[in-house]
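What follows is one structure encoded as structure tokens, with my remarks underneath.
There are 2 protein chains.
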Amino acid sequence: MTESLERRIADRALSYVIDPPSGVDPVIEFSSPGELQALFGDVVSLGFDAESGQHDDDALVGAVDLVIKHSVHTSHPRFVNQNFAGPDPVSVVGDWLGAALNTTGATFEAAPVFTLMESAVLSKLGRVAGYVAEGADPLPTLPPGLFCPGGSTATLYALQLARHRIRPDIRRTGATGEQFTLFVSDAGHYSASKSAALLGLGTDAVIKVESDELGAMLPSALDDAIAASLDAGHVPFAIIGTAGTTVTSAFDDLNALADIAEARDMWLHVDGCYGGSALFSPTERHRLAGVERSDSFVWNLHKMMGMTQQCTALLVREPEQLESCFALKADYLFQPDKLYAEYDAGDRTFQCARRIDVLKLWLAWKHHGDLGFAARIDHAVARAEQTRDRIAASAGEFVEVTGTFTNVVFLWVPPALRPLGSLSELAAETHKALHELAPRIKAQMQTNGTAMVGFQPIGGLNTFRLLYMNPAVTEADVDAMLDRIREYGLAATNA
Amino acid sequence: MTESLERRIADRALSYVIDPPSGVDPVIEFSSPGELQALFGDVVSLGFDAESGQHDDDALVGAVDLVIKHSVHTSHPRFVNQNFAGPDPVSVVGDWLGAALNTTGATFEAAPVFTLMESAVLSKLGRVAGYVAEGADPLPTLPPGLFCPGGSTATLYALQLARHRIRPDIRRTGATGEQFTLFVSDAGHYSASKSAALLGLGTDAVIKVESDELGAMLPSALDDAIAASLDAGHVPFAIIGTAGTTVTSAFDDLNALADIAEARDMWLHVDGCYGGSALFSPTERHRLAGVERSDSFVWNLHKMMGMTQQCTALLVREPEQLESCFALKADYLFQPDKLYAEYDAGDRTFQCARRIDVLKLWLAWKHHGDLGFAARIDHAVARAEQTRDRIAASAGEFVEVTGTFTNVVFLWVPPALRPLGSLSELAAETHKALHELAPRIKAQMQTNGTAMVGFQPIGGLNTFRLLYMNPAVTEADVDAMLDRIREYGLAATNA
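Residue numbers (this note's numbering), protein chains in the order written: chain A, 1 to 495; chain B, 496 to 990.
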């Protein structure tokens with residue numbers, strides 16, 4: 001008997017999870033859009049015709065094989081391209097079970113077990129962050145936060161909570177033209193500006209505060225910026241502290257920010273999308289000292305902790321505010337006369353139906369325990385330290401530019417340009433040569449499938465970034481990635 | 496050799512997908528929060544201790560079995576509780592493969608195949624909706640829309656696009672205090688108000704327009720409401736037409752709304768979260784006549800089409816506007832010097848990293864073809880028609896109150912109250928008895944696990960709603976659900 005299509009696809013997915021590409025396998029079988037179109041065209045065309053027919057199982061399985069072959073292998077030990085990688089296999093199958101059960105997280109009625117799991121996980125995260133005291137209810141009816149579809153959305157909600165605290169009428173009357181301002185470091189995430197645009201605050205409301213050479217906000221600059229905003233007649237209402245910037249993984253001094261927020265009576269939101277997970281490591285959690293004083297804190301467990309996309313917790317210090325900020329009490333959706341409706345989370349947030357994001361995290365945490373979660377963080381930091389050591393020992397071949405925690409930002413210097421000298425005094429043509437080199441090396445890594453390493457401009461100069469949270473990365477992989485950069489760099493500069 | 500934890504969980508999930516609970520199985524093994532806590536406590540406690548240890552595989556598999564047993568079985572043929580149900584098994588395993596590959600939909604670099612699949616599916620949806628002409632590029636670099644995490648978020652984005660068209664400076668400067676207004680029927684979804692609150696428009700900006708007895712907006716009332724808003728010095732900027740209301744599945748007359756939107760130079764957004772999928776059926780698509788004239792159109796494929804949570808497409812008639820409305824061009828994330836960066840969708844939306852929602856839809860559509868998608872819609876409508884016939888033949892035992900398309904809203908009338916007479920002239924105690932009966936019957940269905948059927952107040956009177964999109968529902972299941980309502984109703988009124 002032939003196996004069902006579902007089983008054949010599921011088998012392939014499971015094999016991929018249990019035995020993902022690694023070692024000498026390519027991290028990506030790179031193809032152009034036109035090449036992909038041709039490859040699929042031989043099996044099941046990517047596009048749809050005016051009348052789209054049914055494809056047989058063999059063709060669809062062939063397409064699935066192409067999907068797998070030509071996707072980026074984010075669990076590959078040489079994928080260090082972005083601030084997620086290496087999904088936890090237990091998380092993956094937890095995600096699968098949630099999808100199989102396909103319900104919504106909005107009500108106890110539709111999701112009795114998952115409603116309690118959200119309560120359990122949010123309570124635990126709240127305790128880890130210091131939002132809730134140890135000894136607090138491990139299964140509260142009103143947990144200290146909620147799950148969101150991603151970090152940007154969580155920051156959007158947090159800023160709405162912040163505006164709601166200072167001007168509760170705006171929810172009903174709309175913005176009055178008063179000029180609100182919010183403050184984030186100039187190394188912070190662009191979701192602050194995207195949120196300000198959506199909220200009707202305007203991107204001008206986002207004051208980007210100077211940061212130090214690592215990317216941590218300068219508290220004195222923050223205080224000056226707030227004072228200047230007040231002088232201009234504006235209404236400073238929120239500070240976003242960043243715990244782990246995208247490029248350098250810098251951590252703002254959250255205690256200093258909390259002092260200012262308290263003195264100025266402003267909302268402190270912490271963007272810990274990336275670095276929040278440092279809290280799991282006893283040796284790294286000091287980086288977030290003061291987070292327990294913030295009003296809201298977003299934490300993407302799909303980044304460092306390897307949960308599948310997406311698993312975002314927004315912690316809120318006063319969760320009672322969620323209802324006053326978001327609830328509309330639509331009687332056709334949230335009926336108080338239903339059983340255990342007091343657990344319903346649906347009206348405490350913006351979304352209506354929500355995918356189940358909690359099961360995978362609950363399972364992974366129960367599997368790995370606190371110690372396993374800590375080990376994942378410590379492994380990542382160790383790889384970064386190894387990279388820094390290797391760069392320091394390279395006698396100027398590699399030059400570390402910036403970065404901390406898990407992020408190493410550096411240049412590879414062609415032999416003709418060594419020693420490079422001070423970055424701030426580079427000759428224009430040296431600057432240009434280095435700037436154009438990174439995309440060429442990256443394109444070579446991509447098309448050869450040997451590694452995926454990110455680059456970005458720092459002060460107008462494209463620099464590589466190795467950032468670690470992928471548990472598959474070994475010491476040998478770090479060396480191999482640096483070797484590939486050298487190899488393609490030499491080829492590009494000798495060509 | 497013992498199987499790995501991942502395989503054991505995956506096997507259970509796959510068995511559930513291939514052979515879900517049905518027939519005499521309960522649709523839910525109902526337990527209270529305290530009972531669930533006790534059941535899990537015997538295996539793996541739901542909550543987390545101050546120090547959370549590692550649980551062994553057997554315990555975790557035991558917990559997984561409890562998760563399955565005590566979750567709501569949305570693919571069960573007697574689950575008609577909400578406007579999603581019965582996930583398509585191909586969609587489920589497509590979702591799984593996307594999770595296994597765990598990447599983000601933001602860039603071609605991170606998701607080459609999925610970027611093209613999004614283009615393909617959005618192009619096809621755009622053609623089905625009439626946004627794009629047949630013969631248009633089946634794989635456009637700039638597809639006519641984007642994927643969003645749910646319908647509320649899509650409506651939020653659409654209203655931001657609408658505001659941006661009329662006042663492009665607000666994105667930068669923030670709202671000026673000008674009073675904008677938007678219009679939706681009084682049977683429309685509450686996400687209009689939630690969006691208005693978040694956008695800084697305020698819930699007062701949402702003018703709820705009178706609808707007819709089925710729940711379709713009265714176009715003349717809309718035009719009057721806009722005129723009144725103009726007279727008050729407000730700025731009417733958007734109309735939300737509803738294609739499939741939550742309670743009655745009513746469809747607004749989109750051509751009439753488009754006429755008004757054109758005459759008034761307003762944005763027309765169509766909330767087709769539920770009913771958009773009627774477009775797949777040649778016999779039902781007339782309900783959305785005029786949708787091709789709208790400016791934006793949200794369509795939840797995770798509702799009628801059985802994609803897993805979530806699969807939301809926001810179609811946009813002028814997709815060039817997405818970039819001008821949303822892009823921030825963060826150079827550390829979207830580098831134009833990367834290969835094929837012109838395909839990157841990440842900066843055309845609000846979210847940064849996005850879960851892959853397209854693969855499951857692409858696979859399901861290639862599997863079922865247009866005809867299979869049409870059959871799913873026609874099956875749902877046939878079950879609703881059967882329900883109406885049964886009610887009409889019940890000699891006053893069941894009374895249809897409202898509903899169209901797939902939704903049947905009705906009362907069960909206890910023998911002592913038959914014949915019920917006109918609903919608008921019910922005696923106060925009759926009204927009270929009927930109002931209190933629905934929650935009691937519902938609670939009995941839940942605790943007995945025999946069916947999950949929704950209820951909601953209509954004119955202050957709790958009424959049942961059978962809404963169909965679950966392909967597992969047979970004619971016999973419809974009869975069985977009505978029988979259970981009678982059984983529990985008789986027991987409740989004789990007690």
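Glycine residues also receive a C-beta, built at the ideal position from the N, C-alpha and C atoms.
* To do: Closer than 6 Å by C-beta to residue 26 of chain A: which residues in its own chain qualify, once you throw out the five before and the five after it? Chain order, please.
  => 449
* Asked: Given that a residue counts as buried once 16 or more other Cβ atoms are within 10 Å of its Cβ, and exposed if not, what is residue 38 of chain A?
  -> exposed
* Asked: Residues of chain B with a CB under 8 Å from the CB of residue 365 of chain A: which are they?
  -> 543, 547, listed in chain order.
* How would you label residue 588 of chain B, buried or exposed, when you count the other beta carbons within 10 angstroms and need 16 or more for buried? -> buried
* **For residue 68 of chain A, the three-state DSSP class (helix, strand or coil)** => helix
* Give a yes or no on whether the minimum CB-CB distance between residue 479 of chain A and chain B is below 8 Å. => no
* Asked: Under 7 Å Cβ-Cβ, which residues of chain A neighbour residue 538 of chain B?
  -> None at all; the shortest Cβ gap to chain A is about 10 Å.
* Asked: With distances taken between CB atoms, is the gap from residue 339 of chain A to residue 938 of chain B smaller than 8 Å?
  -> Result yes, Cβ atoms of residue 339 of chain A and residue 938 of chain B sit closer than 8 Å.
* Tell me residue 540 of chain B's beta-bridge partners as DSSP assigns them. => For residue 540 of chain B, DSSP records no beta bridge to any residue.
* **Secondary structure of residue 752 of chain B, DSSP reduced to three states** => helix
* Please classify residue 141 of chain A: is it buried, with 16 or more other beta-carbons within 10 angstroms of its beta-carbon, or exposed? => exposed
* With a 10 Å radius around its C-beta and 16 neighbouring C-beta atoms as the bar for buried, classify residue 418 of chain A as buried or exposed. => exposed
* Asked: Does DSSP put residue 764 of chain B in a helix, a strand or coil?
  -> strand
* In chain B, what lies closer than 9 Å to residue 172 of chain A by C-beta? -> 692, 697, 698, 699
* Beta-carbon gap between residue 644 of chain B and residue 807 of chain B smaller than 8 Å -> With contacts defined by Cβ atoms closer than 8 Å, residue 644 of chain B and residue 807 of chain B form a contacting pair.
* Asked: How is the alpha helix (DSSP H) around residue 934 of chain B delimited, first residue to last?
  -> 923-943
* C-alpha gap between residue 131 of chain A and residue 317 of chain A, whole angstroms -> 6 Å
* To do: Could you name the residues of chain A that residue 612 of chain B contacts, counting a contact when the two beta carbons are closer than 8 Å?
  => 46
* Boundaries (first-last residue) of the alpha helix (DSSP H) holding residue 153 of chain A -> 151-166
* How many Å lie between residue 200 of chain A and residue 670 of chain B at the Cα? -> Their Cα atoms are separated by approximately 5 Å.
* **N-terminal and C-terminal residue of the alpha helix (DSSP H) that residue 589 of chain B is part of** => 584-596
* **residue 190 of chain A versus residue 866 of chain B: straight-line alpha-carbon distance, rounded** => 44 Å
* State the DSSP-derived secondary structure class of residue 820 of chain B, mapped to helix, strand or coil. => The three-state secondary structure of residue 820 of chain B, taken from DSSP, is helix.
* **Element boundaries [alpha helix (DSSP H), containing residue 667 of chain B]** => Taken as a continuous stretch (DSSP letters only), the alpha helix (DSSP H) holding residue 667 of chain B covers 665-668.
* Asked: Residues of chain A with a CB under 9 Å from the CB of residue 499 of chain B: which are they?
  -> Under a criterion of Cβ atoms nearer than 9 Å, the residues of chain A adjacent to residue 499 of chain B are, in order, 18, 89.
* To do: Leaving out five residues on either side along the sequence, give the residues of the same chain with a beta carbon under 8 Å from the beta carbon of residue 955 of chain B.
  => 926, 930
* If residue 706 of chain B and residue 698 of chain B are in contact, beta carbons under 8 Å, what's the gap, nearest whole angstrom? -> About 19 Å separates the CB atoms of residue 706 of chain B and residue 698 of chain B; that is not less than 8 Å, and the two are not in contact.
* To do: Kindly give me the distance between the Cβ atoms of residue 291 of chain A and residue 129 of chain A, rounded to whole angstroms, as I take these residues to be in contact under 8 Å.
  => 6 Å
* Rounded to whole angstroms, what's the CA-CA distance from residue 482 of chain A to residue 462 of chain A? Just pull it up for me. => 16 Å
* To do: Kindly list, in the order they appear in chain A, the residues whose Cβ is closer than 7 Å to that of residue 633 of chain B.
  => 47, 48, listed in chain order.
* Asked: Going along chain A in order, which residues have a C-beta closer than 8 Å to the C-beta of residue 835 of chain B?
  -> 32, 33
* To do: May I ask which residues mark the beginning and end of the beta strand (DSSP E) holding residue 296 of chain A?
  => 296-300
* To do: Can you give me the start and stop residues for the alpha helix (DSSP H) that residue 113 of chain A sits inside?
  => 112-128
* Would you call the stretch 660-676 of chain B and the stretch 795-809 of chain B touching, i.e. three or more CB-CB distances under 8 Å? -> no
* Asked: Closest by CA to residue 499 of chain B, which one among B/510, B/528, B/552?
  -> B/552
* **Contacting residues, own chain, Cβ-Cβ under 7 Å from residue 714 of chain B (five flanking each side not counted)** => 748, 751, 752, 755
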